Structure formats: structure tokens, C-alpha cells
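Which chain is which? The protein sequence lines are A and B, in order.
Note that the UniProt record's numbering numbers the first sequence so that position 240 is 240, with each residue one more than the last.
Note that the UniProt record's numbering numbers the second sequence so that position 58 is 58, with each residue one more than the last.
We treat Cβ as the ideally placed atom computed from N, Cα and C, and that holds for glycine.
Here the structure is a predicted model, which is why all the values come from computation and not from measurement.
Let me begin by presenting the structure, written as C-alpha cells, before commenting on it.
Protein chains: 2
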Amino acid sequence: MSESATNESNYTSSRYRTPDGAPADIVIFTITSTERGTAKKSLPYRELQVLLIQRKNWPFEGQWALPGGFSKETESIHESAKRELQEETGVENVHIEYFNVYSAPGRDPRGWIISHAFFALVNEAHLINRKAADDASDVRLFTVEEALRMNLAFDHHQILRDALEQIRRRMLTTTIAKEFLPEEFTISELYQVIQTVVPAFEERNFIRKITSTQSRKGIIEEVRDRRGEPKMSNKYSQRAAQLYRFTDAEPQLSIYG
Amino acid sequence: MSESATNESNYTSSRYRTPDGAPADIVIFTITSTERGTAKKSLPYRELQVLLIQRKNWPFEGQWALPGGFSKETESIHESAKRELQEETGVENVHIEYFNVYSAPGRDPRGWIISHAFFALVNEAHLINRKAADDASDVRLFTVEEALRMNLAFDHHQILRDALEQIRRRMLTTTIAKEFLPEEFTISELYQVIQTVVPAFEERNFIRKITSTQSRKGIIEEVRDRRGEPKMSNKYSQRAAQLYRFTDAEPQLSIYG
DNA sequence: AGAATAGTGTCTTTGAGACAATATCAA
DNA sequence: TTGATATTGTCTCAAAGACACTATTCT
Chain A
1 MSESATNESN YTSSRYRTPD GAPADIVIFT ITSTERGTAK KSLPYRELQV LLIQRKNWPF
61 EGQWALPGGF SKETESIHES AKRELQEETG VENVHIEYFN VYSAPGRDPR GWIISHAFFA
121 LVNEAHLINR KAADDASDVR LFTVEEALRM NLAFDHHQIL RDALEQIRRR MLTTTIAKEF
181 LPEEFTISEL YQVIQTVVPA FEERNFIRKI TSTQSRKGII EEVRDRRGEP KMSNKYSQRA
241 AQLYRFTDAE PQLSIYG
Chain B
1 MSESATNESN YTSSRYRTPD GAPADIVIFT ITSTERGTAK KSLPYRELQV LLIQRKNWPF
61 EGQWALPGGF SKETESIHES AKRELQEETG VENVHIEYFN VYSAPGRDPR GWIISHAFFA
121 LVNEAHLINR KAADDASDVR LFTVEEALRM NLAFDHHQIL RDALEQIRRR MLTTTIAKEF
181 LPEEFTISEL YQVIQTVVPA FEERNFIRKI TSTQSRKGII EEVRDRRGEP KMSNKYSQRA
241 AQLYRFTDAE PQLSIYG
């Protein structure tokens, strides 16, 4: 920064117009599972959902919006996003990631307000209490398709679209799928989670590729019990399926080899 | 945002402390080429450099810092970054990308100032005029190694480190290498540019991989003249090398296949 | 047996990896 | 002829892609 005053004594930032606020807005994603009503064991039906709140005040009173709040001078914006997420969902220590800033003039009728957008990935299990409590309130989960069809407050439609693009990209290039899965999961669960976030995803020989540890450098590994026997699950099928877990390995991608 | 007032008439944002500024800071990268002093034609020596300015005023007077400036309420932060880049280097229409926000309390002695960090990739050719003019001034290019060893103003050391990590990742996962190359280039030029940004990069059979259009889905293509003959260059070698250009194809990466 | 998921067998083609060998051509 | 860069040849082994086939177990 090469602007403004020459020394501390005469420095006043108020010579310039300053912003009226720097909020954090959070796109909270979760994947819900609902049993399919068949007699036999089967994979659940999964949907990508997003949490919205209904505004009580001007501006955009009555319209649905992303949860968020103004950040304070005593915290970083990242901290303020985590605080807001905790207030809204009661959960802590979940994956939360900053992805863009929104600052188009006029985006907020209240003034010059620069919004910092985060997305959070929350396992359905963490939201269960909250969902029961707020069932008929002004906080609700919507499927992303619904949410995108709604007339959201501010530029939140754009923010939601951008967030969706982000998590789709990151779903395929990082291991964030684990945020939507239990510690130990089957290959079909993983496949289903990826497809829920990225509908276009399709791999015929998924199990072959994901378990050919040579190329994927072991981002997942088989779970074994104390005796070294493979640990299986028959949660979703008669035939037991091998359980896997994510390793700590971070995938390195490159277009040049 | 679910905070504050109930209607327009009684809304005053000044009930809360508001930020003292929302600047954009820009990490401007370029790659310089210097001839190696051999008699025969040879590849130049390339270095990744970053543009810094020396501060004239409090705070951090006399220290080197990233170029940047406060954004105005009449422009988005992205626009303010482009304006600042134009003012500092005279160039327009170059690759500029937002990558993070810096808002730790106390990061700026002037008050509550939230910095938005961009990186820009500028082809050496665009900087030539500017460099001559400002040779002995308070604006200079440093190699990234130098810059990282310096005691930079504010949290600019951290911002620089983050920017470097970003462009390294993006150099391998996107086609930003083209920002440092002429329209038409040889495979060795491309290889050298990648290695300049990512020293650890090494591919034995680079030419085989990059030209096996099956796997890389054609991110580059051979240049041909009107008659359909392959267009060659002997800029760097006695033996002419095939020229390539980037296509418009955007690489799609996935860890799952 | 049928339903629903979980895997394996087999074949073909393509690519990765290593590294030696050859091509070009001005000085 | 040499030096410097730019390729190609030739192996081997791993992986991608397709898709039919087998396995498990509850109802």
C-alpha cells in the first residue's frame, strides 16, 4: 500500500470513505440420506442440501438468504465465519473454506458492505439435533436445485452458484468427500457421495481404479481388525462389502504428467 | 446476514465499529530471461521475480512491500486490483487472480484494515519500458528467494508465501504457463517455464507425455503455416524445434479417474 | 428363485518410465 | 567436428476401458 499519510501523528483514515462492514457469509452444505422403502437392504437416497435462513429485517425482509454476520475487529474473518457457523448449526471443527469476496458496488442497500464467502461441509449426523429443533422455524435445509430456483437476498444466488462450482471441483481434486462420510465407508458409499455432489461423475470401473493404489498413491486404504482380517460391512447389502478409510495422503495432481 | 436493524428508516451501520479500509495487494510475478554467454545458440537463464515497492510513509517507512491500495466504494475489489496493477506497471489485460483475504487483528498499525490479495502474471515483454524508467527508483523486481529473505512490511511475507504456493499449484493444474510464454513456443520453453516456477518439477519424457494428446486431451497443439506445413523455430538451437500453442481446452483433473 | 449389492476375469489398447540412439546445423 | 538442442526407437510393465460373469445372503 503506497497511499495516504506521512506519519503516525497526522494519520487519519477517516479522510477517506471507509466500508460499512465486512461480513462473512457461509454456504453450509450437507448430504441427507433417506431410506428407500424397499424390503431388502439397499443404498439410501442421497441429496445435496444447503442451509438458508429467512430474513426478519430490512433489507430483503422475508426473503431467504445465506447465514452470515458482520465480522468484528477483534477477530479474523475466518474466525468470524467459524463463530457464525457455530451459532447457526451448533457444530464446530468441521471443514470450512474461504472461496471468494463479493464487493460489487450496490450489492447491499445498507451501504458499502464487502462480503467474504465461505463454504462449510457438515455431516448430516451433526445436524440432527438442530433439524428437529428448528423444523418449523426460519432456518431450513433446501436442496441445491430448490435454492437455486429461489429469489435469494443480496447476491446470494451468485454466491451459491460459485460455492457449488467450488465444491464440485474440490470433490474431484481433493479428499473432501470424507467430510460427508463416516470414518469407515464402503466403495459404493464413496461413489454415491461423489455422484451426489457431481451428478456428471461416472466411472465404470470405479472400484478397480480407486483400489489400484499405484496410480492414486493410496488416498484410501482397507480397514482391518486387530487380527489383520479385512473389516467388512453389510449395512447396505446382503453380501458384505470391504470397509475403507481415507489415509492422510494428499493427492498431487498435474496436467503435465 | 441475520443481524441488525429492523427497517430502512432507523438503520444505521454506524452503531457498529466498521473497518478502516479494504485494500487490494498484488503479488506481481514475472519471469526474466537472460542470455547465457555461450557462443552457440542456447536456452536463456530464467528466473521468477516479484515486484516490490519501497514505502515512503508510516507505517513501515523505508521497508519494501507489495504494491496495493485502498479500494473505493465505486468499484469492486477486483476492479481496484486491476487499477492498481495498471498504475504500478502500466499493463492491462493480464492474468490477475484473487486468492485470499488477510484480516488478522493488528496486521496493520493504521487500524482495522482487511487486505485482499491477488497475484498477477506479467510477461517480461510488458515490463520492459517500465523497468528502464524506474531502474533506480523505489520500484524493483526481486527474485522470489531474495524477496522471501527480506523483512517485508505488514504481513506481506505471509502473503508472498501463499501467492507462491498458489501459482505453483496452478502452474501444474491449469494452463497459466501461457502467461509467461509467447503465443507460439517450443516444448523446451514450456518445460523451462514450468521448472522456473516449480523447481521440483521433473519429467523425463516430457515431450512424449505432453504430445500424447489422448491423455492430456489436447491442451496444446502444433502450429502449422498456411500450407499446412509444421511451423518450426530455431531460436534456441541449431536444429529447428516444432512450435506449439495452447488450445482453448481447459484441463479437467480428478483423483478418482 | 429373485433382488440388491459386491465384487472378479479377461481382453485390448494406451500410456508411463527408462535410456540409448539419432537428427540438425551453425560456428 | 563439436556442441547444443530436439527428437525418435525400443523395451517393459502398469493402467484404462469395456462388459460379461460370479459371489453373497436375505426374503
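Cutoff 9 Å: residue i Cβ touching any chain A Cβ
i: arginine 239(B); result: no
i: aspartate 20(B); result: yes
i: serine 233(B); result: no
i: arginine 140(B); result: no
i: alanine 104(B); result: yes
i: leucine 121(B); result: no
i: leucine 253(B); result: yes
i: lysine 41(B); result: no
i: lysine 116(B); result: Checking the sequence, you will find histidine at residue 116(B) rather than lysine. Interface residue, yes.
i: serine 71(B); result: yes
i: tyrosine 16(B); result: yes
i: phenylalanine 206(B); result: yes
i: isoleucine 219(B); result: yes
6 Å Cβ shell around residue i - same chain, five flanking residues per side excluded
i: valine 198(A); result: Arg168, Met171
i: alanine 132(B); result: Because the pLDDT at alanine 132(B) is just 49, under 50, the model does not fix this residue reliably, and the point stays unresolved.
i: glutamine 54(A); result: Trp64, Asp138
i: glycine 218(A); result: Thr247, Ala249
i: arginine 36(A); result: Ser42, Tyr45
i: serine 80(B); result: Ala24, Ser71
i: isoleucine 187(B); result: Ile207
i: tryptophan 112(B); result: Pro19, Asp20
Between the CA atoms of residue j and residue i - distance to the nearest angstrom
i: serine 42(B); j: glutamine 49(B); result: 21 Å
i: alanine 65(A); j: valine 101(A); result: 17 Å
i: tyrosine 16(A); j: phenylalanine 60(B); result: 21 Å
i: arginine 110(A); j: threonine 74(A); result: 23 Å
i: leucine 127(A); j: serine 212(A); result: 35 Å
i: threonine 175(A); j: proline 182(A); result: 13 Å
i: alanine 240(A); j: aspartate 108(B); result: 58 Å
i: glutamate 92(B); j: arginine 245(A); result: 48 Å
i: serine 76(A); j: isoleucine 114(B); result: 9 Å
i: valine 144(B); j: arginine 227(B); result: 44 Å
i: asparagine 57(B); j: phenylalanine 142(A); result: 51 Å
i: residue 279(B); j: glutamate 146(A); result: Since the first residue of chain B shown is 1 and the last is 257, residue 279(B) is not available in this structure.
i: aspartate 155(A); j: glutamate 189(B); result: 43 Å
i: proline 251(B); j: asparagine 234(B); result: 29 Å
i: threonine 34(B); j: arginine 161(B); result: 25 Å
i: threonine 32(B); j: threonine 196(B); result: 10 Å
For residue i, three-class secondary structure by DSSP
i: serine 254(A); result: coil
i: aspartate 155(A); result: coil
i: residue 285(B); result: This structure does not reach residue 285(B), given that chain B is present from 1 up to 257, and the question cannot be answered.
i: alanine 241(A); result: strand
i: aspartate 20(B); result: coil
i: threonine 175(A); result: coil
i: arginine 204(A); result: coil
i: phenylalanine 246(B); result: strand
i: glutamine 49(A); result: strand
i: isoleucine 114(B); result: coil
i: aspartate 25(B); result: strand
i: alanine 81(A); result: helix
i: leucine 121(A); result: strand
Proximal residues to residue i (C-beta, below 8 Å), its chain only, five neighbours per side dropped
i: aspartate 225(B); result: Lys231
i: glutamate 84(A); result: Ala24, Ile26, Pro67, Gly68, Gly69
i: phenylalanine 119(B); result: Ile26, Val27, Ile28, Phe29, Ile96, Glu97, Phe99, Ala163, Gln166, Ile167
i: asparagine 7(B); result: Here asparagine 7(B) scores only 43 on pLDDT, less than 50, and its place in the model is too uncertain to base an answer on.
i: serine 103(A); result: Ile114, Ser115
i: glycine 257(A); result: none
Any chain B beta carbon closer than 9 Å to residue i
i: glutamate 146(A); result: no
i: glycine 257(A); result: yes
i: tryptophan 112(A); result: yes
i: leucine 172(A); result: yes
i: glutamate 203(A); result: yes
i: arginine 36(A); result: no
i: isoleucine 210(A); result: yes
i: threonine 175(A); result: yes
Close-in-space but distant-in-sequence residues of the same chain around residue i (CB under 7 Å, 5 per side omitted)
i: aspartate 135(A); result: With a pLDDT of 49 at aspartate 135(A), under the threshold of 50, the modelled position of that residue is not reliable, and no figure is offered here.
i: glutamate 203(B); result: Lys209
i: leucine 52(A); result: Trp64, Ala65, Leu66, Arg140, Phe142, Ala147
i: glutamine 192(A); result: Leu43, Arg46
i: isoleucine 194(B); result: Met171, Ala177, Phe201
Chain B contacts from the segment 177 to 198 of chain A (Cβ-Cβ distance under 7 Å): Ile194
Members of the segment 74 to 101 of chain A near chain B, C-beta cut-off 8 Å: Thr74, Glu75, Ser76, Ile77, His78, Tyr98, Asn100, Val101
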